[in-house]
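K.L.:
Sequence order for the protein chains is A and B. The first sequence lines up with residues 1 to 241 when you count with the numbering used here. The second sequence lines up with residues 1001 to 1241 when you count with the numbering used here.
Number of protein chains: 2
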Amino acid sequence: MNYDPYAFEPFAVTVDLAVLTVRGGSLHVLLIRRGQEPYAGAWALPGGFVLPRESAETAARRELAEETGLPPALVAALHLEQLRTYSEPDRDPRMRVVSVAFTALVPDMPEPAAEGGGDADRARWVPVAEAAGLAFDHGLILADARRRVGSKLEYTCLATAFCPPEFTLGELQAVYETVWDTSLDRPNFRRKVLATPGFVQAVPGAARLTGGRGKPAALYRAGPATTLHPPLLRPSEGPTL
Amino acid sequence: MNYDPYAFEPFAVTVDLAVLTVRGGSLHVLLIRRGQEPYAGAWALPGGFVLPRESAETAARRELAEETGLPPALVAALHLEQLRTYSEPDRDPRMRVVSVAFTALVPDMPEPAAEGGGDADRARWVPVAEAAGLAFDHGLILADARRRVGSKLEYTCLATAFCPPEFTLGELQAVYETVWDTSLDRPNFRRKVLATPGFVQAVPGAARLTGGRGKPAALYRAGPATTLHPPLLRPSEGPTL
DNA sequence: CCAAAAGTGTTAATGATACACCCATGG
DNA sequence: CCATGGGTGTATCATTAACACTTTTGG
């Protein structure tokens, strides 16, 4: 164990973020269009270098704020979770780059471009189904993030992170249906959610007209619970984590 | 995004391994006694530098083979899984070290010291209950590993990784009871395991005298399944992952 | 025969599934 | 008044949990 800082070819340490949201019935990911080689013109996950005095978590929030126009308050509060670290020697053609990948879940929001600032004009929400040919190994990272989010919905209360502060049970169900790409039985979903203590809390008296037509739906807020016991298993297939 | 390799203070990238086993009714972790400062004399997780042309996974197996006397065949085959990456700026007092932590599960085996070679004489199995005051942030890593393993037992077939190639259902149940620190109902455990296709496969005709007394138990091998559907939930508390 | 460990059976409670049905709103 | 989405009720089935019981071995 030799700790001379210059004993080895230096490693660069970066972060990459798979920021997911549910928009109009399909899962979207926040991508940046690359301006330089390699992969110039290709879409990539937002990310960048970890600075000498930063943890990876801190760097992830900083890069997200810099590269996208997302409001700082949202970036500070959003649910950020380590996915895994990607360290294949040739994942970046220029030098040795080890990247710590994170997953973040956000409610639907306007295009980041609208907010402006920094590199935000190159950031866009892209349906994951259309996110092929990403730069570096970002396609792999995105696939891992989807798998992870899908299985976390089963046994955690994470789905509320995809919803605005106040949401209807129909919206919450749409999150599950979008991420899992299945349809769920509404009455059963509703009972399951309401039977789990601390998953959601009713907002007294409030209601929202969802799509113009139909009965106004009651509003709920995310509750204090973080785990789902027993879990809400998706139909027929097994989680892979 | 500047990719000059020397633009930043260099980061060292290391791996740390939380290698767990079940021995005599309690969970043990493989530790190395440190020979040099800092933390000289303290126990630490095995680990070391990622070399310039290695992935973290490769480095983890190499370091494990070098630092402990574990047989190379076992090291090559063992279940190794990324836990998470620890990147707090001051986690190592000497320089900036980002560490990718892994968890490995192995069946009970002799003390690595007996096998000799390398630094193996400083490696030992220590009950996790007694593993306090570890070097660096290794106490945190170990705690994270325990949590992760506990919740993976719920929804994966991973428990067989703690068992020798052929094992009894009593031994498998002991793995669950040891990791979760609970007791399980034997008939129900048995039914659950046998009802999950591909979890275990009976070894025809074979039987083993477990503790001298009692009826000989049938032997099983790990099956091809990797996930448990529905999960085998531990009594009363929620997983944290 | 007794203790210990493996293995089988039975029942009640719990949770999941699949529906049928009613309510409130906009057009 | 009807289409649409929200919300309730209920019968049925699968899974779990609790516990009594039988079997096979060593001392």
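A virtual CB, placed ideally from N, CA and C, is assigned to each residue, including glycine. What you are looking at is a predicted structure, and each value in this text was computed from that prediction instead of being measured.
Given that a residue counts as buried once 16 or more other Cβ atoms are within 10 Å of its Cβ, and exposed if not, what is Glu1054(B)?
P.N.:
Result: buried.
K.L.:
Could you give the distance in angstroms between the alpha-carbon of Pro1165(B) and the alpha-carbon of His1028(B)?
P.N.:
When rounded, the distance between both Cα atoms is 19 Å.
K.L.:
For Phe1136(B), does the three-state DSSP call read helix, strand or coil?
P.N.:
Of the three classes helix, strand and coil, the one that applies to Phe1136(B) here is coil, per DSSP.
K.L.:
For Tyr155(A) and chain B, any beta-carbon pair shorter than 9 Å?
P.N.:
Yes, its Cβ sits closer than 9 Å to a Cβ of chain B.
K.L.:
Can Thr229(A) and Tyr176(A) be called in contact, C-beta distance under 9 Å?
P.N.:
Note on residue identity: the sequence assigns His, not Thr, to residue 229(A). Result no, Cβ atoms of His229(A) and Tyr176(A) do not sit closer than 9 Å.
K.L.:
Which class does Arg234(A) belong to by DSSP, given the choice of helix, strand or coil?
P.N.:
If DSSP states are grouped into helix, strand and coil, Arg234(A) belongs with coil.
K.L.:
What separation, rounded to the nearest whole angstrom, lies between the Cα atoms of Thr196(A) and Thr227(A)?
P.N.:
Each residue's alpha carbon lies about 9 Å from the other.
K.L.:
Check the Cβ-Cβ distances between Phe11(A) and every residue of chain B, and say whether any is below 9 Å.
P.N.:
Yes - at least one Cβ of chain B is within 9 Å of the one on Phe11(A).
K.L.:
Looking only at its chain, what residues have a beta carbon closer than 7 Å to the beta carbon of Arg1234(B), apart from the 5 residues adjacent to it on each side?
P.N.:
Result list for Arg1234(B): Glu1154, Trp1180 and Thr1182, in chain order.
K.L.:
Expressed to the nearest angstrom, what Euclidean distance is found between the alpha-carbon atoms of Asp1137(B) and Leu158(A)?
P.N.:
The straight-line gap from Cα to Cα measures roughly 28 Å.
K.L.:
Just to check my reading of the structure: Leu31(A) and Ala44(A) have Cβ atoms closer than 8 Å, yes? What is that Cβ distance to the nearest angstrom?
P.N.:
Right, their Cβ atoms sit about 7 Å apart.
K.L.:
Let me know the secondary structure DSSP gives Leu184(A) once reduced to three states.
P.N.:
Three-state result, Leu184(A): coil.
K.L.:
Quick one: grab the DSSP three-state call for Pro1204(B).
P.N.:
Strand at Pro1204(B).
K.L.:
Have a look at Arg1186(B) and Thr1014(B) and give me their C-alpha separation to the nearest angstrom.
P.N.:
The straight-line gap from Cα to Cα measures roughly 42 Å.
K.L.:
Pull up the distance between the alpha-carbon of Thr178(A) and that of Lys215(A), whole angstroms please.
P.N.:
Going from the Cα of Thr178(A) to the Cα of Lys215(A) covers about 23 Å.
K.L.:
Okay, do the segment 68 to 76 of chain A and the segment 141 to 150 of chain A touch, 3+ Cβ pairs below 8 Å being the bar?
P.N.:
The segment 68 to 76 of chain A vs the segment 141 to 150 of chain A: no contact.
K.L.:
Quick check on the DSSP output: the alpha helix (DSSP H) that includes Val106(A) runs from which residue to which?
P.N.:
First-last for Val106(A): undefined, no H or E at that position.
K.L.:
Pick helix, strand or coil for Phe1199(B), following the three-state DSSP scheme.
P.N.:
Coil.
K.L.:
Measure the C-alpha to C-alpha separation of Ala207(A) and Thr168(A) and round it to an integer number of angstroms.
P.N.:
Spanning the two alpha carbons is a distance of roughly 8 Å.
K.L.:
Taking just the CA atoms, how far does Ala1218(B) sit from Val19(A)?
P.N.:
Approximately 49 Å, taken between the alpha carbons.
K.L.:
Is Glu1130(B) close to chain A? Criterion is C-beta to C-beta, closer than 9 Å.
P.N.:
Chain A contact via Cβ: absent.
K.L.:
If the cut is a Cβ gap below 7 Å, which residues of chain B does Arg96(A) touch?
P.N.:
Residues of chain B passing the Cβ test: Pro1052.
K.L.:
Using a beta-carbon distance below 9 Å, is Leu1080(B) in contact with chain A?
P.N.:
Chain A, which has no Cβ nearer than 9 Å to the Cβ of Leu1080(B), makes this no.
K.L.:
What's the C-alpha gap between Glu58(A) and Val100(A)?
P.N.:
A small correction: the amino acid at residue 58(A) is Thr; Glu does not occupy that position in the sequence shown. Cα to Cα, Thr58(A) sits roughly 12 Å from Val100(A).
K.L.:
Identify every run of the alpha helix (DSSP H) within the segment 1036 to 1081 of chain B, keeping only runs that are complete inside it and at least 4 residues long; order them along the chain.
P.N.:
Complete alpha helix (DSSP H) runs here, min 4: 1056 to 1067 and 1072 to 1077.
K.L.:
What is the DSSP secondary structure of Thr156(A), reduced to helix, strand or coil?
P.N.:
Reduced to three states, the DSSP call for Thr156(A) is strand.
K.L.:
Report the residue from Leu1083(B), Glu1111(B) and Arg1091(B) whose alpha carbon sits nearest the alpha carbon of Pro52(A).
P.N.:
For the residues Leu1083(B), Glu1111(B) and Arg1091(B), the minimum Cα distance to Pro52(A) belongs to Arg1091(B).
K.L.:
Check the C-beta distance from Val200(A) over to Ala222(A) and give it rounded, since I have them as a contact under 8 Å.
P.N.:
Between Ala222(A) and Val200(A) the Cβ distance is about 7 Å, and since that is below 8 Å, they are a contact.
K.L.:
At a cut-off of 8 Å, is Ala129(A) close to the ligand GTP when judged by its beta-carbon and the heavy atoms of the ligand?
P.N.:
In the structure shown, the ligand GTP is absent, as is every other ligand, since no ligand is present at all.
K.L.:
What do you reckon, are the CB atoms on Ala1042(B) and Leu1134(B) nearer than 9 Å?
P.N.:
Yes, they are a contact pair.
K.L.:
Apply the 10 Å Cβ neighbour rule to Pro1010(B) and answer buried if 16 or more other Cβ atoms are within range, or exposed otherwise.
P.N.:
The residue in question, Pro1010(B), is buried, as its Cβ has 16 or more Cβ neighbours within 10 Å.
K.L.:
I'd like to know whether the C-beta of Thr1160(B) is nearer than 9 Å to at least one C-beta of chain A.
P.N.:
Not one chain A Cβ lies under 9 Å of Thr1160(B).
K.L.:
Please report how far the alpha carbon of Glu88(A) lies from the alpha carbon of Asp16(A), in whole angstroms.
P.N.:
Between Glu88(A) and Asp16(A), the C-alpha separation is close to 15 Å.
K.L.:
Determine the extent of the beta strand (DSSP E) in which Thr1021(B) is found, giving its start and end residues.
P.N.:
From DSSP, the beta strand (DSSP E) with Thr1021(B) extends over Ala1012 to Arg1023.
K.L.:
Measure the C-alpha to C-alpha separation of Arg62(A) and Cys1163(B) and round it to an integer number of angstroms.
P.N.:
Going by the C-alpha atoms only, they are around 45 Å apart.
K.L.:
For Glu1258(B), is the classification buried or exposed, using 16 other Cβ atoms within 10 angstroms of its Cβ as the cut-off for buried?
P.N.:
A question about residue 1258(B) goes unanswered here, because the residues of chain B that appear run from 1001 up to 1241.
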